[in-house]
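So for the sequence shown, the working numbering puts the first residue at 170; every next one is plus one.
As structure tokens, the structure follows; a few thoughts come after it.
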Amino acid sequence: MQLPFSAGRVLSIDAFRGITILVMVFVNELAGIRAIPQWMKHVAADADAMTFVDVVFPAFLFIVGMSVPFALNNRVQRGDSFLQLQWHIVWRTAGLLVLGLFMVNGEGGYNEKAMGISIHLWLLLFYICTVLIWNAYSAQKRIWVYFLRITGITGLIALVFIYRGGEDGTASMQPRWWGILGLIGWAYFFSCLFFQLFRKNIFAMLAMIAFCIGFYIMGQSSFVQNNNGLRWISSQAGNAAHTSIVLCGIVLSLIYFNEPGKKTATRRFVEAGIFTLLLFAAGYVLRPYFKISKIHATPTWCLYSAGICCIAFSVLYWLIDIKKKNRWTHFFKPAAANPLLTYIIPGIWYALFSVLQITLFPSSLRFGLPGFFWAVFYAVAVMYIAKGLNRLNIKLQL
């Protein structure tokens with residue numbers, strides 16, 4: 170199977186990924202800062218509004234979509250068969266779901282007394298197992314790689330049995346929601362299926378975006394929600410909405426990078442502009458019926474967020490790949506090269522320091538302007554910790 174897409178890496182995509190991951194770490198830390206302006210916070214679920222913070226998660230979904238054509242095409246060019254490609258997609262999806270499930274259960278609902286260990290130690294062991302399983306091993310003999318990964322998998326299974334939740338300590342791990350990584354996993358899985366079905370057909374991909382939006386709308390209808398046989402549609406509405414954002418990333422990637430040489434750069438920018446206007450227009454039409462809400466993953470939020478991402482990436486592409494103003498992108502390279510590791514480092518850091526009973530930061534850095542600058546420093550520090558771990562041959566790869 171040959172996927173009709175140009176191979177190789179695109180610096181603007183890497184830069185967009187690095188910026189998104191860095192900002193994601195920044196806003197996650199910023200969420201714990203008091204006395205900051207409202208535009209630096211997530212808005213309420215029913216507020217019919219959004220801030221830049223509410224665009225960070227969809228930006229990561231969007232960049233996942235932009236990377237899908239390159240990633241799948243590169244695997245085919247390396248010789249992967251159809252079944253090997255599907256296994257890679259399933260394995261990556263399963264990994265994201267597992268990581269999301271563990272992280273969500275570590276956030277709440279646990280019963281430390283019934284578990285016999287602190288939740289911080291449980292999480293720290295989880296992160297160690299994560300590194301053992303998904304590290305990109307290089308020079309080690311294969312037998313050692315298998316040993317380390319089997320050790321990590323065995324550890325995760327043990328942690329599942331150790332975990333206890335609920336007031337009486339009898340509840341087990343459960344997907345109350347899948348977490349950020351799990352939501353990305355589901356959206357990635359469905360988007361890969363759609364991309365393989367329709368490949369470079371942009372109009373078919375646009376139809377799939379419309380299908381996902383329609384699926385969400387159907388899931389919110391009272392008929393579906395009141396019908397037990399159809400209630401699963403409602404439960405999957407959020408996954409459909411998130412998938413639509415990934416598909417938007419795939420469409421923009423096709424517009425800019427499919428079949429190089431057949432279109433001028435100007436024409437590609439015009440097509441990207443038309444696509445962006447369509448997203449904003451569709452969001453405007455749907456807004457009277459669906460408020461802008463990240464929490465509810467409404468179509469309006471999805472479409473507006475995807476439109477913003479189209480503009481942001483187009484600016485980056487023009488600046489970095491067209492005008493060759495790219496030296497500044499080296500700053501974001503550690504986050505771009507290690508997105509998963511960069512994302513989980515704050516969790517590792519917090520779990521480790523909690524186990525050691527060490528205070529992470531003084532209370533004076535938890536409010537106002539000092540807190541803002543602390544969050545900036547924290548995000549950059551996390552990025553360079555990832556770079557340092559990478560030099561120690563620790564680099565997670567899903």
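Just so it is clear, CB atoms sit at the ideal spot from N, CA and C, and this is done for glycine as well.
Keep in mind that this is a model prediction, so the values were computed, not measured.
### Message
Would residue 333 and residue 284 be called neighbours here (beta carbons separated by less than 8 angstroms)?
### Response
As a working note, residue 333 is residue 164 in the sequence shown. As a working note, residue 284 is residue 115 in the sequence shown. Yes, these two residues count as a Cβ contact at 8 angstroms.
### Query
How far does the alpha helix (DSSP H) with residue 227 in it reach, from first residue to last?
On the sequence shown, residue 227 is found 58 positions in, with the first residue counted as 1. It spans 225-246 - the alpha helix (DSSP H) in which residue 227 sits, taken as one unbroken run.
### Query
Which two residues bound the contiguous alpha helix (DSSP H) that contains residue 552?
As a working mapping, residue 552 is identified with position 383 in the sequence shown. Counting along the chain, the alpha helix (DSSP H) containing residue 552 begins and ends at 537-560.
### Query
From residue 456 to residue 310, what distance separates their C-alpha atoms?
In the sequence shown, counting from the first residue as 1, residue 456 sits at position 287. In the sequence shown, counting from the first residue as 1, residue 310 sits at position 141. Each residue's Cα considered, the two are about 56 angstroms apart.
### Message
Closest to residue 342 by C-alpha separation, out of 390, 318, 270, would be which residue?
### Response
Counted from its first residue, the sequence shown places residue 342 at position 173. Of the candidates 390, 318, 270, the one whose C-alpha sits nearest the C-alpha of residue 342 is 270.
### Query
Should residue 436 be labelled buried (16 or more other beta-carbon atoms within 10 Å of its own) or exposed?
As a working note, residue 436 is residue 267 in the sequence shown. It counts as exposed.
### Query
Quick one: any contact between the region 422-433 and the region 445-462, if contact means 3 or more CB pairs under 8 angstroms?
no
### Task
Can you tell me which of 510, 557, 526 puts its alpha carbon nearest to the alpha carbon of residue 297?
Within the sequence shown, numbered from 1, the residue matching residue 297 stands at position 128. Among 510, 557, 526, the Cα nearest to that of residue 297 belongs to 510.
### Query
Is DSSP giving residue 334 helix, strand or coil here?
The residue you call residue 334 lines up with position 165 of the sequence shown. Here residue 334 sits in strand by DSSP.
### Query
Looking at the structure shown, is residue 204 part of a helix, part of a strand, or coil, going by DSSP?
Residue mapping note: residue 204 aligns to position 35 of the sequence shown, counting from 1. Three-state result, residue 204: coil.
### Status (buried if at least 16 other CB within 10 Å, exposed otherwise) for residue 314
Translated into the one-based positions of the sequence shown, residue 314 becomes position 145. It is exposed - the Cβ of residue 314 has fewer than 16 other Cβ atoms within 10 Å.
### Task
Determine the DSSP secondary structure at residue 565, reduced to helix, strand or coil.
In the sequence shown, residue 565 corresponds to position 396, counting from 1. Residue 565 falls in the strand class under three-state DSSP.
### Query
Any idea what DSSP makes of residue 279, helix, strand or coil?
Position 110 of the sequence shown, counted from the first residue, corresponds to residue 279. Residue 279 falls in the strand class under three-state DSSP.
### Query
Taking DSSP as the reference, what is the three-state secondary structure of residue 466?
The residue given as residue 466 occupies position 297 in the sequence shown. Reduced to three states, the DSSP call for residue 466 is coil.
### Query
So what's residue 397 in DSSP terms, helix, strand or just coil?
Taking the first residue of the sequence shown as 1, we reach residue 397 at position 228. If DSSP states are grouped into helix, strand and coil, residue 397 belongs with the helices.
### Proximity to residue 545 [Cα-Cα], best of 383, 197, 353
The count along the sequence shown starts at 1 and reaches residue 545 at position 376. Cα-wise, what sits closest to residue 545 is 197.
### Message
Cutting at 8 angstroms between CB atoms, please list the residues of its own chain near residue 378, excluding the five before and the five after it.
### Response
Counted from its first residue, the sequence shown places residue 378 at position 209. Cβ neighbours of residue 378 beyond the five flanking positions: 413, 416, 417, 420.
### Query
Does the region 381-389 come close enough to the region 465-474 to have 3 or more Cβ pairs within less than 8 angstroms?
yes
#### Entry: Rounded C-alpha distance that separates residue 556 from residue 188
To locate residue 556, count along the sequence shown from 1; it is residue 387. To locate residue 188, count along the sequence shown from 1; it is residue 19. Looking at the two C-alpha atoms, the distance is approximately 15 angstroms.
### Task
Alpha carbon to alpha carbon, how far is residue 497 from residue 299? Give it in angstroms, no decimals.
Locating residue 299 in the sequence shown gives position 130, counting from the first residue. Locating residue 497 in the sequence shown gives position 328, counting from the first residue. Residue 299 and residue 497: Cα-Cα distance of roughly 32 angstroms.
### Inter-stretch contact (C-beta, 8 angstroms, three-pair minimum) for the region 354-372 and the region 258-272
yes
#### Entry: Beta-bridge pairing of residue 340 - partner residues as DSSP gives them
As a working note, residue 340 is residue 171 in the sequence shown. For residue 340, which the question treats as bridged, DSSP gives the partners 334.
### Task
Give every residue of the same chain whose Cβ lies closer than 6 angstroms to the Cβ of residue 208, excluding the five residues on either side of it in the sequence, and list them in chain order.
Start at 1 with the first residue of the sequence shown, and residue 208 comes out as number 39. So the list reads 220, once near-sequence residues are dropped.
### Task
Using 10 angstroms around the beta-carbon of residue 551, count the other beta-carbons present and answer buried if the total reaches 16, otherwise exposed.
The residue given as residue 551 occupies position 382 in the sequence shown. Counting Cβ neighbours within 10 Å, residue 551 comes out buried, since at least 16 surround it.
### Message
Given this structure, state the Cα-to-Cα distance separating residue 320 from residue 326, to the nearest angstrom.
### Response
One-based indexing of the sequence shown puts residue 320 at position 151. One-based indexing of the sequence shown puts residue 326 at position 157. Between residue 320 and residue 326, the C-alpha separation is close to 10 angstroms.
### Message
Tell me the DSSP secondary structure of residue 274 in three-state form.
### Response
In the sequence shown, the residue the question calls residue 274 occupies position 105. Correct three-state label for residue 274: helix.
### Query
Pick from 564, 548, 520, 566: whose alpha carbon is nearest that of residue 190?
Stepping through the sequence shown from its first residue, residue 190 is reached at position 21. Taking only the C-alpha atoms, the option nearest residue 190 is 548.
### Query
If you draw a straight line from the C-alpha of residue 282 to the C-alpha of residue 329, how long is it?
By one-based count along the sequence shown, residue 282 stands at place 113. By one-based count along the sequence shown, residue 329 stands at place 160. Cα-Cα distance, rounded: 16 angstroms.
### Query
What's the C-alpha gap between residue 277 and residue 536?
For the purposes of this step, residue 277 is identified with residue 108 of the sequence shown, where counting begins at 1. For the purposes of this step, residue 536 is identified with residue 367 of the sequence shown, where counting begins at 1. When rounded, the distance between both Cα atoms is 24 angstroms.
### Query
What did DSSP end up calling residue 370 once you bin it into helix, strand or coil?
In the sequence shown, residue 370 corresponds to position 201, counting from 1. In the structure shown, residue 370 sits in coil (DSSP, three-state: anything other than H, G, I, E or B).
### Task
Report the residue ranges of all alpha helix (DSSP H) runs contained in full by the region 379-458; include only those spanning at least 4 residues, in chain order.
391-394, 400-404, 406-426, 434-455
### Message
Measuring straight from C-alpha to C-alpha, what distance separates residue 503 and residue 215?
### Response
In the sequence shown, counting from the first residue as 1, residue 503 sits at position 334. In the sequence shown, counting from the first residue as 1, residue 215 sits at position 46. For residue 503 and residue 215, the distance between alpha carbons rounds to 36 angstroms.
### Three-way DSSP call (helix, strand, coil) for residue 507 in this model
As a working mapping, residue 507 is identified with position 338 in the sequence shown. Three-state result, residue 507: coil.
### Message
Considering only the alpha carbon of each residue, which of 233, 211, 288 lies closest to residue 516?
### Response
Locating residue 516 in the sequence shown gives position 347, where the first residue counts as 1. Residue 516 has its Cα closest to that of 288, out of 233, 211, 288.
### Query
Under 7 angstroms from any heavy atom of the ligand ZN, does the C-beta of residue 550 make it?
Here there are no bound small molecules, and the ligand ZN is not part of this structure.
### Query
Got a sec, what are the start and stop residues for the alpha helix (DSSP H) residue 196 sits in?
As a working mapping, residue 196 is identified with position 27 in the sequence shown. That run of the alpha helix (DSSP H) goes 180-199.
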